[in-house]
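Chains as they are written, first to last, in the numbering used here: chain A, 51 to 746; chain B, 51 to 746.
There are 2 protein chains.
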Amino acid sequence: MTTPLGSIDDVCINTLRTLSIDAVERANSGHPGLPMGAAPMAYVLWTRHMRYDPTNPEWSNRDRFVLSAGHGSALLYSLLHVTGYDVTFEDLQHFRQWGSKTPGHPERGVTPGVDVTTGPLGQGFGNAVGLAMAERWLAATFNRPDHALVDHYTYVIASDGDLMEGVCAEAASLAGDLRLGKLIVLYDANQITLSATTNVTFSEDVGARFAAYGWQVQEIDGMDVAAVDAALTAARADDAHPSLIVARTHIGFGSPNKVDSFHAHGEPLGKNEVMLTKRAYGWPEDSHFLVPEEAKREFAKVRANGERLEREWQSEMNSYRAAYPEIARDFDRALAAELPPKWDAKLPVFTPKDGDMATRDAGAKAIEVIAESVPNLVGGSADLDPSTRTMMKAKGDFQSALVLEGGQLPQTQGAAGGAWGYAGRNIHFGIREHAMTAILTGMAHHGGVIPYGATFLVFSDYMRPSIRLAALSDAHVIYVWTHDSLAVGEDGPTHQPVEQIASLRAMPNMTLIRPADANETIEAWRIALEHRNGPVGLVLTRQKLPILNRATLAPASGTARGAYVLTDASPGALPELILIATGSEVSLALSAHEQLGSEGIRSRVVSMPSWELFEAESNEYRDSVLPPTVSARVSVEAASPFGWERYVGLAGSIIGVNHFGASAPGPEVLRRYGFTVEHVIATARAVLARAGKGTS
Amino acid sequence: MTTPLGSIDDVCINTLRTLSIDAVERANSGHPGLPMGAAPMAYVLWTRHMRYDPTNPEWSNRDRFVLSAGHGSALLYSLLHVTGYDVTFEDLQHFRQWGSKTPGHPERGVTPGVDVTTGPLGQGFGNAVGLAMAERWLAATFNRPDHALVDHYTYVIASDGDLMEGVCAEAASLAGDLRLGKLIVLYDANQITLSATTNVTFSEDVGARFAAYGWQVQEIDGMDVAAVDAALTAARADDAHPSLIVARTHIGFGSPNKVDSFHAHGEPLGKNEVMLTKRAYGWPEDSHFLVPEEAKREFAKVRANGERLEREWQSEMNSYRAAYPEIARDFDRALAAELPPKWDAKLPVFTPKDGDMATRDAGAKAIEVIAESVPNLVGGSADLDPSTRTMMKAKGDFQSALVLEGGQLPQTQGAAGGAWGYAGRNIHFGIREHAMTAILTGMAHHGGVIPYGATFLVFSDYMRPSIRLAALSDAHVIYVWTHDSLAVGEDGPTHQPVEQIASLRAMPNMTLIRPADANETIEAWRIALEHRNGPVGLVLTRQKLPILNRATLAPASGTARGAYVLTDASPGALPELILIATGSEVSLALSAHEQLGSEGIRSRVVSMPSWELFEAESNEYRDSVLPPTVSARVSVEAASPFGWERYVGLAGSIIGVNHFGASAPGPEVLRRYGFTVEHVIATARAVLARAGKGTS
């Protein structure tokens with residue numbers, strides 16, 4: 051069919067292009083080049099392949115779409131607008147403006163239809179692998195022979211920049227390993243990056259690389275509607291491999307002076323070039339934000355089809371509920387992000403009789419219980435299970451059933467209980483901390499699962515770009531970080547965290563918990579499961595710690611308030627001195643407190659497992675824990691002192707380490723750096739002496 | 051030749067194995083598996099191919115060796131010991147002990163012969179690419195037809211874990227692109243990681259992947275001395291491609307019960323298994339740290355050969371000095387890490403008449419001057435030159451002359467002045483922030499160059515694991531981070547840094563400088579060039595800033611002290627209030643100061659570009675800038691408030707942002723979040739009111 055503006059395909063594609071161009075021009079800011087080049091493949095994908103219902107953006111079985119090249123956001127907003135999501139003409143006009151639904155890069159939670167927050171390159175690709183993994187897990191767990199409740203694709207548009215990023219390489223390798231056949235990536239190979247043509251820095255054979263990862267690879271002309279259509283059909287037909295479609299495109303297509311140049315990448319075309327470009331498209335040169343009637347009609351068909359698909363699924367879901375009421379209840383609960391009733395009833399309580407216990411081991415006991423009571427807890431580690439103690443026993447390994455060795459799935463050497471195919475709940479991320487983290491975010495945003503990932507605390511540095519996006523997009527993920535201090539010992543400074551705790555505390559919307567003993571660890575896991583809006587990181591020891599005697603000390607439920615008075619020399623009266631400690635240093639503070647008491651110094655010990663939870667408490671509560679009039683304060687944490695002035699003030703003292711660690715047995719490292727009862731006491735006396743001077 | 055303990059090869063290899071086993075056993079901590087499997091290839095490399103002089107570990111033209119799999123440190127220490135480096139029998143016995151020369155993972159600066167600090171996986175591989183790049187640059191710059199002063203290989207032993215890491219993928223792609231023919235990687239393909247066999251998570255075809263990057267790839271039996279030897283010879287023969295030798299090995303080789311199992315990876319074998327293993331090697335079972343005489347003789351030959359090679363090179367160097375005295379002087383100076391005399395004489399000084407200027411643009415002016423006066427400054431960006439403004443004009447692009455298009459090197463679209471082959475000083479890292487950072491560290495540790503790398507501040511997160519190792523190993527590198535705050539504006543929260551500054555300040559031995567105007571930026575570059583022991587990060591604005599009027603304000607040379615009094619309402623007397631600001635917020639503080647002055651409030655403005663430099667000053671100086679008796683203090687920084695209590699105390703106020711940013715024009719974002727003169731003044735008044743209460 052043709053119209054005065056060209057074939058219906060052309061009209062629709064040029065609608066997407068010109069909406070994007072106009073939005074960028076109006077904002078006087080943004081990236082027009084990608085939408086102009088990628089519009090044909092986005093159009094084919096969104097009209098002929100992708101299954102979604104614009105009237106119900108949260109339909110659980112929708113195909114997921116990730117614009118990994120998030121700088122092309124104008125294209126995504128244009129697609130959402132024309133297909134009938136709640137992204138209006140006004141929203142497009144307010145692109146990149148304060149409070150708009152159309153921010154500079156796509157943000158989940160801000161714009162209906164945006165599945166993940168993207169922009170920093172490579173992240174969306176990693177998220178997409180997580181979306182595809184969550185889909186496979188839910189399908190393997192909840193589908194029944196006659197009911198495919200979960201059965202959708204995850205589509206990605208990625209750029210040269212995405213594919214240069216290491217996180218993308220890690221995620222692609224794992225996706226190949228897991229044979230995620232329902233993951234399909236359109237690679238917008240426009241051969242232009244921000245500063246150069248890719249032949250300067252990116253001469254590798256991307257297709258061959260992905261083939262080496264075990265992907266299906268096709269190379270096509272991305273400007274050719276029929277070629278894109280055929281490639282997507284072939285990609286969907288291959289269930290056994292994720293698909294990369296290397297689509298040769300032209301950045302800034304249609305712009306006479308900027309096509310195929312990095313000048314089309316990240317700035318408005320300019321008024322004159324916009325007119326020339328519209329002329330080249332056969333578009334009315336003086337139009338703004340034009341959606342021709344024939345395009346409206348075409349996209350209306352897509353919307354109607356999506357509504358039908360969603361209705362059919364709802365009816366399928368209803369019959370599933372009738373046939374499998376119990377599983378359906380679990381499924382509904384998982385998708386609603388609700389925890390089962392009494393999920394935490396069997397969490398253990400420890401007493402000193404249980405003997406000293408590393409908090410990583412207490413964490414393992416929490417996981418053991420929660421693995422039973424919360425059936426959609428899934429997770430794993432970046433190849434450190436034996437050390438992080440995060441394996442769910444007898445819950446199977448998440449693997450493709452297509453990977454058979456002698457009729458069997460390859461076995462890990464842990465206690466996962468063997469291979470369960472995609473229904474396995476233990477994920478082996480490999481030594482890929484960064485991809486693990488991006489994947490966890492994708493899984494969380496898919497919905498239906500509560501994902502966790504583990505590694506050593508020092509390697510949280512590798513995860514950081516993805517942690518940030520999890521925090522920014524309110525992803526409910528749990529990080530388990532063990533080997534949490536200098537006490538790591540012999541492995542030395544490369545493996546001893548120092549500044550990681552401060553760095554993570556500095557990040558908005560990141561909740562960090564460093565429990566003092568086994569019981570605080572159990573509480574920390576409870577909090578982590580219940581905390582919905584953003585990631586929670588658990589910081590756990592490798593070394594054994596005493597289990598605090600709650601018969602004489604305050605209960606571990608105080609963990610939920612971030613900080614609490616563990617013990618006071620003279621309850622009811624104000625202490626002379628406050629010792630504030632976290633994690634493994636709490637028992638050190640307690641020993642110092644006792645000895646100070648024997649010298650007649652009345653101190654209070656505050657256990658402060660989480661700054662963020664404490665800051666969320668009322669002023670009143672905070673002042674009750676740290677009375678403003680008591681300025682003699684000492685903090686003890688075997689980590690960077692950075693930031694502790696917040697709680698000890700300028701009159702107090704911080705016991706920390708402002709340098710890197712050293713290779714030696716853990717107890718020796720701690721002793722050499724002053725984490726001893728003697729040093730805490732000496733510091734406390736010095737603080738009291740100064741305070742005495744101040745008031746005398 | 052055979053001996054009672056086997057062939058001389060076997061004796062030497064088993065010496066390395068048993069020294070490693072004994073060191074781990076004695077420490078009761080460490081990783082015996084890798085040394086046992088990789089000893090044959092290490093032996094062949096260190097005795098038949100690598101050129102080095104154990105008596106002069108810093109010989110500039112030595113082949114470099116990187117044990118990227120740093121957990122195999124015992125193997126490296128064993129090699130250093132037997133070849134005659136200053137690593138003694140006692141050092142091996144003190145493996146992983148306090149103050150020893152043999153820490154858990156190899157640390158540059160601690161052990162003679164250790165070229166880079168490794169351990170966190172993938173990092174050493176990235177460093178190695180940097181070592182190889184520095185070699186190529188120095189060779190292209192300083193060699194003359196009759197004098198190859200710089201002409202060496204960079205050898206790597208890497209593990210499965212290294213090759214799974216994204217940083218390694220990025221670095222490998224760039225190495226292929228740059229055709230680093232003198233980079234040779236032995237991949238210890240033992241197919242075992244810490245928790246599993248690699249078929250669980252790493253089924254990709256690594257060789258095919260590297261071929262796609264443009265590497266020469268060979269697959270061999272890594273336990274076969276002749277095969278290793280032949281592969282190394284073939285790798286050295288290919289000048290046009292970096293080489294990957296996929297060497298199939300057996301972790302824990304010789305251990306009857308632990309070979310090929312992850313149990314051999316990271317813990318001592320145990321007394322009994324050590325005996326069984328020695329028996330399997332035909333080794334005296336009750337020996338400890340045995341180096342048989344025939345092995346001593348063999349390794350002595352290697353040492354003698356190395357001493358000869360180094361002497362020959364010195365004589366070559368002397369004739370070069372005679373033939374090219376001027377270039378030789380530059381070469382000697384570069385290797386001695388000395389700056390040319392008067393290198394900073396032409397650095398510009400700006401006045402308000404120059405108009406408002408973004409600090410990224412002031413940085414560009416610094417680079418323009420330094421590029422001329424410091425001929426071994428090399429650097430580039432992760433594909434953001436046009437934005438970071440870090441291109442050295444007319445200094446050429448660093449590229450392989452083998453990459454020709456129609457007889458020409460491909461041109462970047464900047465103003466680098468064309469392709470200079472490997473003598474080009476502008477490096478195009480591609481969108482690979484992590485590898486860029488690891489590469490910079492490798493270049494710095496090679497010696498001879500002063501490297502810098504640039505990207506947006508928010509993407510420092512991607513760089514973090516490599517920054518940490520640069521800081522830990524005292525690498526002199528310069529990071530240029532632009533787009534340093536919420537003022538980035540429309541690109542939104544994914545691109546607006548918030549917590550990055552605090553996170554970087556928390557890292558030991560990392561010096562961060564956030565200059566307030568163009569003149570502080572020039573000072574910051576001066577400091578960065580002169581600071582030798584650790585990285586310096588420059589935090590620069592995208593938006594224009596006023597140039598502070600130094601006719602009335604203190605000179606910008608105060609930058610070197612980290613913080614300085616910019617202006618005082620009543621010099622000589624103590625102020626009522628101190629406004630402390632950094633970067634773009636300093637001019638805001640100055641405006642507030644003026645208005646407060648008009649209301650009769652005597653305030654001081656402190657510009658604090660660098661916490662670390664300020665902390666290094668005397669107590670006296672610090673107290674003169676921030677008099678302890680003035681507790682009414684307000685800090686202003688458009689970033690996370692985290693840590694600012696250190697300077698404002700509990701009585702002051704911090705103006706910062708403890709949440710993520712938003713997409714809107716930069717000035718609007720700043721205004722909405724309180725970075726206005728009005729808000730600073732209101733905050734100051736509130737602080738003064740509180741202080742008044744406190745003292746009344």
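Using N, Cα and C, we set each Cβ at its ideal position, and we do this for glycine too.
Mind pulling the chain B residues with CB within less than 7 angstroms of residue i?
{"i": "Ile481(A)", "result": "Leu171, Gly211, Met214, Glu215, Thr243"}
{"i": "Gly77(A)", "result": "Per the sequence presented here, residue 77(A) reads as Ala, with Gly not at that position. Under the 7 angstroms cutoff, chain B gives Glu540."}
{"i": "His484(A)", "result": "Gly216"}
Give the interface partners of residue i over in chain A, defined as CB-CB distance under 8 angstroms, in chain order.
{"i": "Arg379(B)", "result": "Neighbours of Arg379(B) on chain A: none; closest Cβ ~33 angstroms, over 8 angstroms."}
{"i": "Phe710(B)", "result": "Ala521, Leu522, Pro558, Asn559"}
So which residues of chain A does residue i contact, with C-beta pairs closer than 7 angstroms?
{"i": "Thr167(B)", "result": "Thr544"}
{"i": "Glu549(B)", "result": "Ala556, Met557, Pro558"}
{"i": "Gln147(B)", "result": "Ala714"}
{"i": "Asp255(B)", "result": "Ala262"}
How many Å lie between residue i and residue j at the Cα?
{"i": "Val419(A)", "j": "Met557(B)", "result": "37 angstroms"}
{"i": "Thr591(B)", "j": "Leu616(B)", "result": "20 angstroms"}
{"i": "Ala414(B)", "j": "Ala408(B)", "result": "10 angstroms"}
{"i": "Ser450(A)", "j": "Ala77(B)", "result": "41 angstroms"}
{"i": "Asn599(B)", "j": "Val730(B)", "result": "21 angstroms"}
{"i": "Gly471(B)", "j": "Thr571(A)", "result": "57 angstroms"}
{"i": "Gly122(A)", "j": "Ala208(A)", "result": "10 angstroms"}
{"i": "Tyr749(B)", "j": "Gly356(A)", "result": "The requested residue 749(B) does not occur in the structure, where chain B is confined to residues 51 to 746."}
Looking at residue j and residue i, is the spacing between their C-beta atoms short of 8 angstroms?
{"i": "Ser754(B)", "j": "Arg158(B)", "result": "In the structure displayed, chain B extends from 51 to 746; residue 754(B) sits before or after that span and is not available."}
{"i": "Glu215(A)", "j": "His496(A)", "result": "no"}
{"i": "Trp792(A)", "j": "Arg555(A)", "result": "Any property of residue 792(A) remains undetermined from this structure, which presents chain A solely from 51 to 746."}
{"i": "Ala124(B)", "j": "Ser57(B)", "result": "no"}
{"i": "Glu220(B)", "j": "His478(B)", "result": "no"}
{"i": "Gly711(B)", "j": "Val548(B)", "result": "yes"}
Identify, in the order they occur along the chain, each residue of the same chain with its Cβ nearer than 6 angstroms to the Cβ of residue i, setting aside the five sequence neighbours on each side.
{"i": "Gly163(B)", "result": "Pro107, Leu130, Tyr135"}
{"i": "Leu126(A)", "result": "Leu117, Pro156"}
{"i": "Thr745(A)", "result": "A caution first: Thr745(A) carries a pLDDT of 37, below 50, which makes its placement in the model too unreliable to give a value."}
{"i": "Ala345(B)", "result": "Val61, Cys62, Thr65"}
{"i": "Trp575(A)", "result": "Ala416"}
Using a Cβ-Cβ cutoff of less than 7 angstroms, which residues in the same chain neighbour residue i once the five nearest sequence positions on both sides are dropped?
{"i": "Asp618(B)", "result": "Pro625, Arg654"}
{"i": "Gly539(A)", "result": "Ala714, Pro715, Gly716, Val719"}
Run down chain B in chain order and give the residues with a C-beta less than 8 angstroms from the C-beta of residue i.
{"i": "Leu224(A)", "result": "Thr251"}
{"i": "Phe509(A)", "result": "Pro170, Pro515"}
{"i": "Asp618(A)", "result": "What Asp618(A) touches in chain B: nothing, since even the nearest Cβ is about 22 angstroms away."}
Identify the contact partners of residue i in chain B, using a Cβ-Cβ distance below 9 angstroms as the criterion.
{"i": "His155(A)", "result": "Asp541, Gly542, Pro543, Thr544, His545, Ser713"}
{"i": "Asp747(A)", "result": "In the structure displayed, chain A extends from 51 to 746; residue 747(A) sits before or after that span and is not available."}
Mind listing the chain A neighbours of residue i? Cutoff is C-beta to C-beta under 9 angstroms, in chain order.
{"i": "Gly120(B)", "result": "Thr544"}
Excluding the five sequence neighbours on either side, which residues of its own chain have a C-beta within less than 8 angstroms of the C-beta of residue i, listed in chain order?
{"i": "Val727(A)", "result": "Leu638, Ser641, Ala642, Gln645"}
- Query: Which of the residues in the segment 511 to 534 of chain B, read from start to end, lie with their CB under 8 angstroms from any CB of chain A?
  - Reply: Asp511, Tyr512, Arg514, Pro515, Arg518, Leu519, Ala521, Leu522
- Message: Beta carbons nearer than 9 angstroms to chain A: which residues of the segment 557 to 569 of chain B have them?
- Response: Met557, Pro558, Asn559, Met560
- What are the residues of the segment 688 to 707 of chain A that lie near chain B, defined by any Cβ-Cβ distance shorter than 7 angstroms? Ser690, Phe692, Gly693, Glu695, Arg696, Gly699, Leu700
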